[in-house]
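These notes are about the structure you will find just below.
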DNA sequence: GAAACCGTTTCACCAGGAGAAACAATGTCA
DNA sequence: TGACATTGTTTCTCCTGGTGAAACGGTTTC
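Protein chains in written order, with the working numbering: chain Y, 7 to 227; chain Z, 7 to 227.
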């Protein structure tokens, strides 16, 4: 009886999951420890991933994420469309608040920072596009986890990371589906003072504006 | 006797290869036609890819590239490091030439546009990050295919696309390995006039400058 | 209302992948 | 210098589990 999924593929993808911002290089043995698979198995799986450019391997045998993902990344969600739509809003939010503005989408039981404009102040929340964070913790996390009613701004302080505060609002498309979360974040000491009077109103203003511009066909995935 | 690669994994990756800028949505049957695999096979492979977030599937059964690749993309090569290094140079080149500036890396028998700053003029070469182009054709393509001696600027006109001209120079690390190609491109009519006097010298100037800044550990993959 | 087309389910067969152990090539320490 | 540990690689047997083909049920088309 055929399964409904393919184990070998899932193992290969599990290996890819080991790579992260903090850990972007693996030797064979390290991958074996991280995944629990046999080295011979990993060797075969990684050879296929390497053949398609999803990982590279240098002369010392160290594995890294390869260029093929860079090719696919712009196709995720709706490629440049999302960027053209959201980026200008992030820039406005960043300039108006002087804090880091970002747009998160849900990815299973995590959330991914798809776009961000880092604040310009020396002390700021420095965020990278593509980082994967837990659902449920942090303002944007709770919004994407459906813990916040539509149209309401969630705020958090030190929830996911000590000293970091944030505010976020859900972005819904015309059919009422949650497309992502628009967020502002910065150091608690400064952020909390201005949150009520400035950051929350900003999101209440720009969130619905973004929703109004949201194209019917765009799913930020 | 065990193979040295895993067939099921390669089939899954072949399915991902079907997606491109021009074609970012597939129904099951379309994928079957594009890949030649049986529909039942595709259903299983895609279920695994979907489970890990590499593709998504909407209520109508349409497949799209999923958010997991957005998570991995910043890890490719050396993530933000490459961007922080090359982006400022692209901006300078773009401003000095008024044409589109880009940075390509090799990916097997193709090249990928990793970073770009599009020109600001109305008639311009509009390029997207992540596009995959053939090796061997176009100035950057020939550079990455080792058809141009180190330090020399390659020029092309209408080679890959009619009406499009470009100039490119190879970027080598301290060990003399080719890391990528720095390129300028624009509409032939305008570009060719200024190429000899402005664009080629600009690349001769910025190419070596980038090489001097290139960190020992950075491999753009 | 038949034909065409779609996505999905089922199942027998056997290719091919997992697992384990053996092996080779370095690296490390006494 | 030699023993031992650690790394990546190869080999081989067994049997899982993936492929391929056909059948199924729903929807659209004409």
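The C-beta atom is built at its ideal place from N, Cα and C for all residues, glycine as well.
query	result
Cross-chain neighbours of residue 118 (chain Y) in chain Z, by beta carbon under 7 Å	73, 76, 77
Top-ranked residue by Cα proximity to residue 214 (chain Y), from Y:187, Y:200, Y:35	Y:187
For residue 104 (chain Z), the three-state DSSP class (helix, strand or coil)	coil
For residue 64 (chain Y) and residue 123 (chain Z), the rounded distance between their alpha carbons	30 Å
Neighbour flag for residue 114 (chain Z) against chain Y, beta carbons, 8 Å	yes
Contact check, residue 51 (chain Z) vs residue 17 (chain Z), beta carbons under 8 Å	yes
Nearest residue (CA-CA) to residue 184 (chain Y), options Y:112, Y:118, Y:88	Y:112
Beta carbon proximity, residue 60 (chain Z) to chain Y, threshold 8 Å	yes
Endpoints, beta strand (DSSP E) assigned at residue 178 (chain Z)	170 to 178
Cutoff 6 Å; reference residue 95 (chain Y); Cβ partners in own chain excluding five residues on either side	212, 216
Pair within 8 Å by beta-carbon distance, residue 128 (chain Z) and residue 197 (chain Z)	no
Beta-carbon proximity check, residue 171 (chain Y) vs residue 192 (chain Y), cutoff 8 Å	yes
CA-to-CA distance, residue 49 (chain Z) to residue 35 (chain Z), given in whole angstroms	10 Å
Interface flag, residue 5 (chain Y) vs chain Z, CB-CB below 8 Å	Nothing in the structure corresponds to residue 5 (chain Y), since chain Y is present only between 7 and 227.
Cα-Cα separation, residue 7 (chain Y) to residue 30 (chain Y)	Any answer about residue 7 (chain Y) is weak, because its pLDDT of 34 lies below 50 and its placement is not dependable; what the coordinates show is given next. The alpha-carbon atoms of residue 7 (chain Y) and residue 30 (chain Y) are separated by roughly 38 Å.
Alpha carbon of residue 158 (chain Y) to alpha carbon of residue 182 (chain Y), nearest angstrom	14 Å
From Y:46, Y:26, Y:60, Y:12, residue whose alpha carbon lies closest to that of residue 22 (chain Z)	Y:60
Nearest neighbour of residue 55 (chain Z), chosen from Y:70, Y:12, Y:74 [CA to CA]	Y:12
DSSP three-state assignment for residue 70 (chain Y), whether helix, strand or coil	strand
Residue nearest to residue 140 (chain Y) in terms of C-alpha spacing, selected from Y:41, Y:117, Y:162	Y:117
Inter-residue spacing [alpha-carbon to alpha-carbon] between residue 146 (chain Y) and residue 25 (chain Z)	30 Å
Proximal chain Z residues relative to residue 82 (chain Y), where beta-carbon distance stays under 7 Å	71, 72, 73, 75, 76
Supposed contact pair residue 27 (chain Y) and residue 137 (chain Y) - C-beta distance, whole angstroms, cut 8 Å	6 Å
Coarse secondary structure for residue 46 (chain Y), derived from DSSP in three states	helix
Under the three-state DSSP convention, the category residue 135 (chain Z) falls into	coil
Simplified DSSP assignment, three categories, for residue 203 (chain Y)	helix
Any chain Y beta carbon closer than 8 Å to residue 7 (chain Z)	Confidence at residue 7 (chain Z) is low in this model, with a pLDDT of 34, below 50, so its placement is unreliable and the value that follows should be read with caution. No - not a single Cβ of chain Y is within 8 Å of the one on residue 7 (chain Z).
Neighbourhood of residue 107 (chain Z) by C-beta distance below 6 Å, restricted to the same chain and skipping five residues each side	96, 99, 100, 123, 190
Where the region 121 to 134 of chain Z meets chain Y: residues whose CB sits under 9 Å from a CB there	134
Closer than 8 Å to chain Y by CB, residue 18 (chain Z)	yes
Contact test: residue 140 (chain Y) Cβ vs the ligand GTP heavy atom, cutoff 7 Å	The ligand GTP is absent from the structure shown, which contains no ligand whatsoever.
Contact check, residue 71 (chain Y) vs residue 78 (chain Z), beta carbons under 8 Å	yes
Proximal chain Y residues relative to residue 109 (chain Z), where beta-carbon distance stays under 9 Å	Those within 9 Å of residue 109 (chain Z) in chain Y number zero; the least Cβ separation is about 11 Å.
Closer than 8 Å to chain Z by CB, residue 27 (chain Y)	yes
Proximal residues to residue 91 (chain Y) (C-beta, below 8 Å), its chain only, five neighbours per side dropped	216, 219, 220, 221, 224
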